[in-house]
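The structure appears below as structure tokens.
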Amino acid sequence: MSDGRGTLAGQRILVVEDEFLIAADLARSLKGLGAAVIGPVGSVRAALALLEKEAAIDAAVLDINLTREKVYPVAQALQLRQVPFVFATGYEQWVIPREYETVPRCEKPVDLRALISLLSL
Amino acid sequence: MTNSRERTGAPNSDELLRLIVESATDFAIFSMDLQGNVTSWNKGAERLLGYREEDMIGRSAEVVFTPEDRAAGVPARERAEAAYKGRADDERWHLRSDGSRFWGSGIVMPLADGSGFVKIFRDRTERRAAQERRRESEALFRLLATNVPQLVFRTKGDGGRTWGSPQWIVYTGLSLQDSLGFGWLEAVHPEDREATTAAWRSAQGVGEYYVEHRIRRVPDGSYRWHQTRAKPVPETSGEGDWVGTSTDVHEMRGMQERQRILLAELQHRTRNLLAVIRSIARDTMRMSASLEVFSTEFSGRLGALGRVQGLLARSDGAAICLREIVETELHAHGGGELMGNVDINGPVAMLPAASAQTFTLAIHELATNALKHGALGQASGKLNVTWRIEHLNGAPHLVLDWHESGVAMPPARSVRPGYGTELISAALPYQMGAETELTFGPTGVHCRITTALEREGAQDE
């Protein structure tokens, strides 16, 4: 993606992922394309606190399984704010509840180009 | 007799009787005197018993009885019963002239003038055998139907029940009477009744009934999944008789569901692990001056990741023993011969599975650095890994110290913050809510990791 350096310039993207190494890697990749990363955070509570604090969020990447909890409350909050988001997950589609079945799913390890096109950024 | 016959003149009754007796060739009809000697012998008797009329007249009719019956006095008893009651049923094995046996079925009656008896009977061997077979198969069916673990039933082709096995009655608590017709639907889960009856509507066309539904069991009133099948019994006529079974598949369905979830979890873990490996590869690449350095470092990190996967697999998602992680990593960095200058000491402490991976990678980096520049690589070096459990703010915390001493430290300039530093200062706080300190003292590295033991989630901001 050497030619995509400014692809995400000015975009504020929330990253929710409980595994540090994955979160850091994704954040670094997004920043490399010019995005401002909000987070990353690894729990629902931390993510909802960030949503409360941050007025401008353009998109979000959510891991579904956050150790002991699922990310769905965050997904619901994002839907209410009409912020586009994708699930970055190792889960198959059938595991995802019906109310989120239209949310784009990005399989791990995440392909950045696919992620960007799913978010229509 | 018809009217037309009366008009043309009916035959006299002797003539009529003669016609009947002669034409009834399916029936053996013969008469005897009071002692049982034959006085008449029709064509049917000739055919059935194999003796000709002229050979039998005047001879004892006892020859048609089996030797056993003759010895038991059956012929005389039969005549006595007929004389006394007006008739005697004659249902027994008889003997033909060739010695073969057949099952004769008929009656013996006294003649009106008291001069003897008439015996009328026919060969019912086939029918009797069929009845016998039917009785046997019926008994076999009952035995099978009442002893298999399935709930067995008989039904009409429309689903109307005619019989339910004792297992059904015991399982559902519905009496046989209450189960008949469509009463059995009472034991089917209300949500499954529509599918259950719909399956009967299509069963006759298909020639088979099949449905999966929940059936209520006493005494706990819980509904359990059953697979119910029925098929028409062959060779029955009309609306037909069907036999069916309901098999408890509750456990199996549960296991299938658990297996599906297990597979999804496995898929999830595998994909996460791949993402972690990619992250480690990229970080290692970023921090490596050459491909040789990358190769060594990456192999080492992959090894540590592999070892902790082994521990995780054995713990099956439960917490992992801290000592096991520490010992496994130190052994991997030099094996037993290094242990002379290594001291590991601490109480039993369990790390949540979710933290184990990052924690292992951090220990791996400390050990790698100790081997390269520190206590594990220098003869005078000494490494103490000690931990204790402290109550901070009322919650148990693990306080772990990695303490190297006796080390001739390299010049400060050459100690650049590396991957290990990032893991300890950023990954551990993020992943397990740990507080960490990493200092490069004059005689060796000191690292302290403090983390709440109950905390199993990622760190909140």
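Which chain is which? The protein sequence lines are A and B, in order. Be aware that the first sequence starts at 946, since it is given in the numbering used here, and climbs by one per residue. Be aware that the second sequence starts at 53, since it is given in the numbering used here, and climbs by one per residue. Glycine included, C-beta positions come from ideal geometry on N, C-alpha and C. Predicted, not measured: the structure shown is a model, and the values here were computed from it.
Item to check | Min CB distance B/Arg330 to chain A below 8 Å | outcome: Within the second sequence, residue 330 of chain B is the residue found at index 278, counting from 1. For B/Arg330, the answer is yes, since a Cβ of chain A falls inside 8 Å of its Cβ.
Checklist entry - How many angstroms separate the CA atom of B/Asn393 from the CA atom of B/Lys434? => result To locate residue 393 of chain B, count along the second sequence from 1; it is residue 341. To locate residue 434 of chain B, count along the second sequence from 1; it is residue 382. About 5 Å.
Checklist entry - Exposed or buried, A/Ile1041, counting other C-beta atoms within 10 Å across all chains shown (16 or more means buried)? => result Taking the first sequence and counting its residues from 1, the one referred to as residue 1041 of chain A is at position 96. By the neighbour-count rule (16 or more Cβ atoms within 10 Å), A/Ile1041 is buried.
Checklist entry - From B/Lys424 to B/Ala341, what distance separates their C-alpha atoms? => result Looking up residue 424 of chain B in the second sequence gives position 372. Looking up residue 341 of chain B in the second sequence gives position 289. Rounded to whole angstroms, B/Lys424 to B/Ala341 spans 16 Å at the Cα level.
Item to check | Distance CB(B/Val301)-CB(B/His265) smaller than 8 Å | outcome: Your numbering for residue 301 of chain B matches position 249 in the second sequence. Your numbering for residue 265 of chain B matches position 213 in the second sequence. Not closer than 8 Å, so no.
Checklist entry - At a Cβ cut of 9 Å, what residues of the stretch 958-971 of chain A count as close to chain B, listed as they run along the chain? => result Within the stretch 958-971 of chain A, the qualifying residues are Glu962, Asp963, Glu964, Phe965, Leu966, Ile967, Ala968, Ala969, Asp970 and Leu971.
Item to check | Beta-carbon neighbours of A/Lys1053, restricted to chain B and to distances below 7 Å | outcome: Along the first sequence, read from residue 1 onward, the residue named residue 1053 of chain A stands at position 108. Simply Arg323, Asn324, Leu326 and Ala327.
Checklist entry - From B/Val204 to B/Trp155, what distance separates their C-alpha atoms? => result Here residue 204 of chain B refers to the residue found at position 152 when the second sequence is read from its first residue. Here residue 155 of chain B refers to the residue found at position 103 when the second sequence is read from its first residue. Their Cα atoms are separated by approximately 36 Å.
Next on the checklist: Strictly under 8 Å for the Cβ-Cβ distance: is B/Ala316 near chain A by that measure?
Outcome noted: One-based indexing of the second sequence puts residue 316 of chain B at position 264. For B/Ala316, the answer is yes, since a Cβ of chain A falls inside 8 Å of its Cβ.
Checklist entry - Are the CB atoms of B/Asn502 and B/Glu487 nearer to each other than 8 Å? => result Within the second sequence, residue 502 of chain B is the residue found at index 450, counting from 1. Within the second sequence, residue 487 of chain B is the residue found at index 435, counting from 1. In the sequence as presented, Asn is not what sits at residue 502 of chain B; that position holds Thr. For the pair B/Thr502 and B/Glu487, the CB atoms are nearer than the 8 Å cut-off.
Next on the checklist: So if DSSP puts B/Glu264 in a beta bridge, which residue, or which two residues, is it bridged to?
Outcome noted: For the purposes of this step, residue 264 of chain B is taken as the residue at position 212 of the second sequence. Note: B/Glu264 sits in a beta bridge opposite B/Gln279.
Item to check | is_contact[B/Asp368, chain A] using C-beta, thresh 8 Å | outcome: Taking the first residue of the second sequence as position 1, residue 368 of chain B is located at position 316. Taking Cβ atoms only, chain A never reaches closer than 8 Å to B/Asp368, which makes this a no.
Checklist entry - For the stretch 1031-1051 of chain A, which residues have a beta carbon sitting closer than 9 Å to at least one beta carbon of chain B? => result Interface annotation for the stretch 1031-1051 of chain A against chain B: Ala1033, Thr1034, Gly1035, Tyr1036, Glu1037, Trp1039 and Val1040, criterion Cβ-Cβ distance under 9 Å.
Item to check | B/Glu508 to B/Thr410 span [Cα, whole Å] | outcome: Position 456 of the second sequence, counted from the start, is the residue given in the question as residue 508 of chain B. Position 358 of the second sequence, counted from the start, is the residue given in the question as residue 410 of chain B. With a pLDDT of 41 at B/Glu508, under the threshold of 50, the modelled position of this residue cannot be trusted; read the value that follows with caution. Cα-Cα distance, rounded: 13 Å.
Checklist entry - By DSSP, does B/Asn9 sit in helix, in strand, or in coil? => result Because residue 9 of chain B is not part of the residues shown, which for chain B are 53 to 513, the question remains open.
Checklist entry - Is any beta-carbon of chain B found at less than 8 Å from that of A/Thr952? => result Counting from 1 along the first sequence, the entry for residue 952 of chain A is found at position 7. No, A/Thr952 lies away from the interface with chain B (no Cβ there is under 8 Å from its Cβ).
Checklist entry - Buried or exposed: A/Gln1038, going by 16 or more other Cβ atoms within 10 Å of its Cβ? => result Position 93 of the first sequence, counting from 1, holds the residue named residue 1038 of chain A. Counting Cβ neighbours within 10 Å, A/Gln1038 comes out exposed, since fewer than 16 surround it.
Next on the checklist: Among the candidates B/Glu188, B/Arg206, B/Gln361 and B/Asp272, whose CA atom is the shortest distance from the CA of B/Thr412?
Outcome noted: Within the second sequence, residue 412 of chain B is the residue found at index 360, counting from 1. Nearest in C-alpha terms to B/Thr412, of all of B/Glu188, B/Arg206, B/Gln361 and B/Asp272, is B/Gln361.
Item to check | Proximal residues of chain A, C-beta to C-beta of B/His514 below 9 Å | outcome: Nothing in the structure corresponds to residue 514 of chain B, since chain B is present only between 53 and 513.
Checklist entry - At a Cβ cut of 7 Å, what residues of the stretch 401-425 of chain B count as close to chain A, listed as they run along the chain? => result Residues are counted here when their Cβ sits less than 7 Å from a Cβ of chain A; for the stretch 401-425 of chain B these are Ala406 and Thr410, given in chain order.
Next on the checklist: Quick check on this structure: which residue in A/Arg1013, A/Leu1023 and A/Ala991 has the alpha carbon closest to the alpha carbon of A/Asp1003?
Outcome noted: On the first sequence, position 58 is the one that residue 1003 of chain A refers to. Taking only the C-alpha atoms, the option nearest A/Asp1003 is A/Leu1023.
Checklist entry - In three-state terms, what does DSSP make of B/Met53? => result For the purposes of this step, residue 53 of chain B is identified with residue 1 of the second sequence, where counting begins at 1. Caution applies to B/Met53, whose pLDDT of 44 falls short of 50 and renders its modelled position unreliable; the value that the coordinates give is listed next. DSSP, read as helix, strand or coil, puts B/Met53 in coil.
Next on the checklist: Suppose you measure from the CA of A/Leu959 to the CA of A/Pro985; what does that come to, to the nearest Å?
Outcome noted: One-based indexing of the first sequence puts residue 959 of chain A at position 14. One-based indexing of the first sequence puts residue 985 of chain A at position 40. Taking the straight line from one Cα to the other gives about 7 Å.
Item to check | For B/Trp93 and B/Glu74, believed in contact at Cβ under 8 Å, the rounded distance | outcome: Indexing the second sequence from 1 puts residue 74 of chain B at position 22. Indexing the second sequence from 1 puts residue 93 of chain B at position 41. Their Cβ separation, rounded to whole angstroms, is 11 Å, which puts B/Glu74 and B/Trp93 out of contact at 8 Å.
Next on the checklist: Between A/Gly977 and chain B, is any beta-carbon pair separated by less than 8 Å?
Outcome noted: Here residue 977 of chain A refers to the residue found at position 32 when the first sequence is read from its first residue. No, A/Gly977 does not count as interfacial toward chain B.
Checklist entry - Would you call A/Asp1056 buried or exposed, if buried means 16 or more other Cβ atoms sit within 10 Å of its Cβ? => result Reading the first sequence from its first residue, position 111 is the one you call residue 1056 of chain A. It counts as exposed.
Item to check | Three-pair Cβ contact test at 8 Å for the stretch 476-484 of chain B versus the stretch 959-974 of chain A | outcome: Yes, the stretch 476-484 of chain B is in contact with the stretch 959-974 of chain A.
Checklist entry - Using a beta-carbon distance cut-off of less than 8 Å, what residues from the stretch 267-286 of chain B approach chain A? => result Nothing from the stretch 267-286 of chain B brings a Cβ to less than 8 Å from some Cβ of chain A.
Checklist entry - At which residue ranges does the stretch 183-267 of chain B contain complete alpha helix (DSSP H) runs of 4 or more residues, listed in the order of the chain? => result Fully enclosed alpha helix (DSSP H) runs of no fewer than 4 residues occupy 218-224, 228-231 and 245-258 of the stretch 183-267 of chain B, in order along the chain.
Checklist entry - Looking only at DSSP bridge pairs, what is B/Val437 linked to? => result On the second sequence, residue 437 of chain B is found 385 positions in, with the first residue counted as 1. Answer is B/Ile396 and B/Trp454.
Checklist entry - If you follow the beta strand (DSSP E) that A/Pro985 is part of, which residue opens it and which one closes it? => result The residue labelled residue 985 of chain A in the question sits at position 40 within the first sequence. A/Pro985 -> beta strand (DSSP E) spans Ala981 to Val986.
Checklist entry - Which two residues bound the contiguous beta strand (DSSP E) that contains B/Pro162? => result By 1-based counting over the second sequence, the position of residue 162 of chain B is 110. Element bounds for B/Pro162: Arg153 to Pro162.
Next on the checklist: Quick check: the Cα distance between B/Met461 and B/Ala422, rounded to an integer number of angstroms?
Outcome noted: Position 409 of the second sequence holds residue 461 of chain B. Position 370 of the second sequence holds residue 422 of chain B. Approximately 11 Å between the Cα atoms of the pair.
Checklist entry - To which residues of the same chain is B/Thr198 closer than 8 Å at the C-beta, ignoring the five residues directly before and after it? => result The sequence position of residue 198 of chain B within the second sequence is 146, counting from 1. In chain order, Val204, Ser217, Pro218 and Gln219 place their CB closer than 8 Å to the CB of B/Thr198, counting only its own chain and leaving out the 5 sequence neighbours on each side.
Checklist entry - Taking just the CA atoms, how far does B/Phe346 sit from B/Met337? => result The residue labelled residue 337 of chain B in the question sits at position 285 within the second sequence. The residue labelled residue 346 of chain B in the question sits at position 294 within the second sequence. If you take the alpha carbons of B/Met337 and B/Phe346, they lie about 6 Å apart.
Next on the checklist: Strictly by DSSP, which residues pair up with A/Lys1015?
Outcome noted: Sequence index remark: in the first sequence, residue 1015 of chain A carries index 70 (1-based). Residue pairing by DSSP places A/Lys1015 opposite A/Asn1010 in a beta bridge.
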